[in-house]
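Chains as they are written, first to last, in the working numbering: chain A, 650 to 906; chain B, 269 to 611; chain C, 586 to 967.
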C-alpha cells in the first residue's frame, strides 16, 4: 500500500494506537520524522517507548493506525523486508555475531544489501569477495575498529560492540537508522565515544530516530524531541523548548506512569 | 455405540496415565531448571527395572533335593523354595505375589538418589550452556543408562506379573447400571489410573500448599528475583529434579505388568514424552497432565478397527501428527505460557 | 583458478583426496584394510559431512536424518529392481527422492527453531519409521527388507540386453561394484561431498549460515530471510544422507527399516560431535573412528580380552576381563555412550578442538609467552 507523503518525511507514525487487552499502551501517537534529522523519543519508564519502537519496526501490529516509511506501509512486514526497504536498527544490548570475526560481522550486512534477502552464493569463497571486503574495511576504519578486524566479535567490550553494530548498520546505507537506547549500560567514557560517533554520522545527513533515556545524549544529538508519557505524546519540539516545558519536567519528576 | 466409545476411552486411560506422569516430571524439570532432559525416559525405565530387580531378589531360590519324593520320570524331586518364603513364611509368599507394588518402596529412594546424582553430577554444569548441548549430554546419558540396563539384565523383556488378587477385570458397566460384562476393564489398569491420579494430586498439592512448593513455583515464574530474595533456589531445584525422577520411576514400576520392560523402554518413551510435553505446553504442569491423557486416549481411539480401516496405520502416527499440528498452529501448546520458546 | 578455489582450500582438498585414495594402504597397520569396512567409512563419512552442513553451520540439531538415509536406501533398491542394476540411475533416484522428502519435512520443521525444531524432526523420524514397518510394507517390505531378485522387471536393462544369470548385483555400466571397485566408487562420492562441504563453508552462503547460528535475530533485522537459507542447508544435508543410504545399498544390497530408527540419527550426531562439529574434517574423522571401533570392539569376546590381559596375574586378569567385557562386544554401545558424554562435557568441539588445543599448547611451549599474547589478540574466528 503506497501512501503518498510529504517529500521530506521519511517516517510517519500515523495515528497509532496499541492496546493490550484493556491496557492502552499507546494512544493517539502521531509523529513525523524529517529527512536528515535526528529525532529523539524520550519519556520516563513505562511511557511506551519500547512499545512504540516495536510497532515501528514491525514486531507489534498497531491496534489502529499505520506506520509509513517513505511512502510504504511497514505494518505487517517481516523484519528482513523492513530492512531491505532501508531501515536499520540498533538494539539495546548490542546484537552482533559473536562467533564471527569483526570483519565478517561487517561484511555480512553488506551481502544483504548487495544480494537481497536470499541468494545461494556458493560459487565463490568469501576471501574473493574483494569489493565487499574493502567496503567493510573502510567502514571499520571509520568507526575505529580496523586494527581489530580479525578478533572474535564476542570478545569485544560493550562499547566496542556498539561501535561494531553501528558499522554493521551503516554499511547498508540505510534511509533510516533506529537506535534503541544506544548508550544503555555504558560507562561515561563509552557514552561519550558513542555520542561522538553518532555526531559524525549525523554530519553525513542520515535520518535517525533515537529512543533514549539519557538526557545528555539526547540534548547533544537531537534536532527534534518527542516526549512520551503514559502512552501519549505530551510534548514535541526543538530541544530548548522541550527542556523548559513544565509538563515534561513534571512527567519526569512528578512520577507520571 | 456408546459402549464401544466408552471402552476405547477406558483403554486409553492407562497409557494416558503413564504419559501424564512422565510428562509431569519432564515439565517440572524444564519449568524449574530450564533444562531439556532427554534422559527422562530412561528414568521411567529405571523405575521399571527397580521392580524387576526387586522381584529377582525376592525370587532367589534355594533348590533342595528330596530323595524321598520322586518326579514322574523317576529323578529325585527338586524342591524350589524362594528364600523369602523360607525366611518369612507366608508373609514371604505374599511379598513375592505383591512384588510390583512393594517395589515402590525400593524405587523411591533409588530414584531420588539417581535423580539427585544426575543433577548434581552432570546436569548442573549445563544450565548456562545452550539447549543443544543439554539435549546432547542427556541423550548420551540416556544411551549409557540403557546400555547399563542391558548389561545387567540382558536384552530380553522381563514380564512382571501383577498380584493375583488384582488380575481379572472390573465390571464397570455393571457399576454404571448396564448389563453385566458389557464394559469390563482390567483391575490393574484401573489401579494404575487411580495411582497416577493420586501421584499427580500429591505433586500439585505439594506445590500449592507447602512453602517449599510455593518457593518452587515462584522460582519457575522468575528465578532471578527469587535468588535476589536470598532464597537458595538451587537446592530446592535439585530436590525437584529428585522428585521428578521419583514420579517417573514410580510410573515405571507400576507399569511393568502392563508392558514387560526391556532396555529400549527408555528411548521408546522418550520421544513420546517430549511429544506430550510439547502438546501440553512446555512450561505448564496442568498442560502436561492433560496432554498425556488426551494423547493416550487419542491413541486408543486410533487403534479401533473402524478407524484403522479408514486411515491405515493411523494408530502408529497419530500422536506425532498431533504434535506436528500443535507445533505449527499453536507452538506454546494447549496450556503453555505465551512467549516460552517461540521461534 | 584462484577465484574459484583458494590455495588453502585446494591444498586441503588434494590432501584429503590423497588420503582417501590411499586408504587401503594406510588402513593396513590398523587391520582395517577390508573393502567392506572402508566403504562404510566412505558412506558414513558422507552422511556425517552432509549432516554437519546443517548442524555445524546453522546450529539446527535434527534427529530425523536417519529417515533420509533410509529413504535413499529404499529408493536406490527400487531403482535396482525396477530400472536397472546400474548404480547411476539408482543414485540419482535416491538423491532426488531424499531431496523431495527433506524439502517436505524441512519446510514444516523449520517453522520452529531450537528444541521445537529438534522435537519436530524426531516426531517425523518416528512417524516414518513406524509407517515403514506397518502401513508402507508394500514399499518397504517391513522387517524383512527388500532384495534384488531375478524376477525384478528392470525395465531399462531389458531394453538393452538380456539378464545375466545368477543373483543380480549392482553394477556400474557393466563393471562389477564389489570389492575394491565398490570402495573406489564410494570414495569418489566422498571426495565430491567433501569438496561441496568445503565450498559451502567458505562461501558467502556458508557465512550466512554461520550468522544464523550465531544470532538469527540479527540476521533477520539485517535483511536476510533466514528460512530459505536453513531450508537449503536442510535439503542439501538430506540429499547427502540419501546418497549415503543409496551407497550402502550398492555395497550391501538389502534395504531395511532399521536404518530409519531415530537411534541411527543419534549415531550421526555422535559422529559429528566426536569429530568436531562445524569443522570440515571433523565429521569424517568421527565417522571413521566410530565405524572402525564398532568393527573392532564389537567382535571382541572374552577370549580376545583374556589374550589382551595375559600379562596380568590370573585372578586380576579375570576381574579385568569381566569388567572390560561389559564395554566391548555387545557392550560397544555403552562405551560409545560414555565417550559421547565425556566429549560433550569436556571437549564439545570434538577431536578437532582437542587437536587445536594440543597444537596451541605445543606452540606456546615453543615460543613462550610472547606467542601467547599474539595468538590471543589476533585469534581468527573459525
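Using N, Cα and C, we set each Cβ at its ideal position, and we do this for glycine too. Because the structure is a prediction, the values reported are computed rather than measured.
Of the residues 660/C, 666/C, 813/C, 614/C, the one placed nearest residue 794/C, counting alpha carbons only: Per the C-alpha coordinates, the member of 660/C, 666/C, 813/C, 614/C positioned closest to residue 794/C is 813/C.
CB contact flag (residue 310/B, residue 534/B, <7 Å): Yes. Within cutoff.
Proximal residues, the segment 768-786 of chain C versus chain A, C-beta separation under 7 Å: Going along the segment 768-786 of chain C in chain order, one finds 784, 785 with a Cβ nearer than 7 Å to chain A.
Residue 869/C vs residue 634/C beta-carbon contact at 7 Å: Closer than 7 Å, so yes.
Residue(s) in a DSSP beta bridge with residue 529/B: Paired residues: none, contrary to the question.
Short CB-CB distance (under 7 Å) between residue 708/C and chain B: Judged by the 7 Å Cβ criterion, residue 708/C is in contact with chain B.
Bridge partners - residue 362/B, DSSP secondary structure assignment: Answer is none; residue 362/B lacks a bridge partner.
Residue 453/B, DSSP secondary structure in three states: Correct three-state label for residue 453/B: strand.
As assigned by DSSP and simplified to three states, the class of residue 807/C: Collapsing the DSSP output to three states places residue 807/C in coil.
Whether residue 847/A touches residue 827/A by CB criterion (7 Å): Result no, Cβ atoms of residue 847/A and residue 827/A do not sit closer than 7 Å.
Touching by the beta-carbon criterion (3+ pairs, under 8 Å), the segment 870-882 of chain C and the segment 643-651 of chain C: By the criterion of at least three beta-carbon pairs nearer than 8 Å, the segment 870-882 of chain C is not in contact with the segment 643-651 of chain C.
C-beta atoms of residue 563/B and residue 544/B nearer than 7 Å: Result yes, Cβ atoms of residue 563/B and residue 544/B sit closer than 7 Å.
Nearest residue (CA-CA) to residue 933/C, options 943/C, 862/C, 946/C: When 943/C, 862/C, 946/C are compared, the shortest CA-CA separation from residue 933/C is found for 862/C.
CB of residue 771/A within 7 Å of CB of residue 592/C, strictly: Judged by beta-carbon spacing, residue 592/C lies beyond the 7 Å limit of residue 771/A, meaning their Cβ atoms are not closer than that value.
Unbroken beta strand (DSSP E) run spanning residue 479/B, endpoints: For residue 479/B, no beta strand (DSSP E) run applies; the uninterrupted alpha helix (DSSP H) run containing it begins and ends at 479-489, by DSSP.
Residues bridged to residue 279/B [DSSP beta-bridge criterion]: DSSP, once it has assigned bridges, lists no residue as partnering residue 279/B.
Assigned exposure category for residue 600/A - 16 Cβ within 10 Å defines buried: Nothing about residue 600/A can be read from this structure; chain A reaches only from 650 to 906.
Residues that residue 918/C contacts on chain B, provided the C-beta gap is smaller than 7 Å: Result: 411, 415.
C-alpha gap between residue 896/C and residue 824/C, whole angstroms: The alpha-carbon atoms of residue 896/C and residue 824/C are separated by roughly 50 Å.
Option nearest residue 663/C by Cα separation, candidates 685/C, 674/C, 941/C: Taking only the C-alpha atoms, the option nearest residue 663/C is 674/C.
Alpha helix (DSSP H) segment containing residue 838/A, residue limits: Unbroken alpha helix (DSSP H) run through residue 838/A: 837-851.
Counterpart residues of residue 675/A in DSSP-defined beta bridges: According to DSSP, residue 675/A bridges with 667/A.
C-beta neighbour in chain B for residue 925/C, strict 7 Å: For residue 925/C, the answer is yes, since a Cβ of chain B falls inside 7 Å of its Cβ.
Cβ pair residue 427/B, residue 366/B closer than 7 Å: The Cβ-Cβ distance between residue 427/B and residue 366/B does not fall below 7 Å.
Assigned secondary structure, residue 889/A (DSSP; H/G/I helix, E/B strand, else coil): Correct three-state label for residue 889/A: helix.
Alpha helix (DSSP H) segments (min. 4 residues) lying fully within the segment 779-826 of chain C: DSSP runs (the alpha helix (DSSP H)) wholly in the segment 779-826 of chain C: 789-806.
Residue environment, residue 728/A, which counts as buried when at least 16 other CB atoms sit within 10 Å: Residue 728/A is buried by the Cβ-count criterion.
Given residue 300/B as reference, the closest of 362/B, 486/B, 444/B, 555/B once Cα atoms are compared: Ranking the options by Cα distance to residue 300/B, first place goes to 486/B.
Span separating the alpha-carbon of residue 455/B from that of residue 282/B: Roughly 11 Å between the two C-alpha positions.
Positions along the segment 817-833 of chain A whose CB lies within less than 8 Å of some CB in chain C: Listed in sequence order: 817, 821.
Closer than 7 Å to chain C by CB, residue 694/A: Not one chain C Cβ lies under 7 Å of residue 694/A.
Bridge-paired residues (DSSP) for residue 873/A: Partner(s): 688/A.
Length of the line joining the Cα atoms of residue 696/C and residue 688/C: Their backbone Cα atoms lie some 13 Å apart in a straight line.
DSSP state of residue 880/C mapped onto helix, strand, coil: Here residue 880/C sits in helix by DSSP.
Endpoints, the beta strand (DSSP E) within which residue 739/A is located: Counting along the chain, the beta strand (DSSP E) containing residue 739/A begins and ends at 736-739.
Cut-off 6 Å between Cβ atoms - residues of its own chain near residue 868/A, not counting five sequence neighbours on either side: 888.
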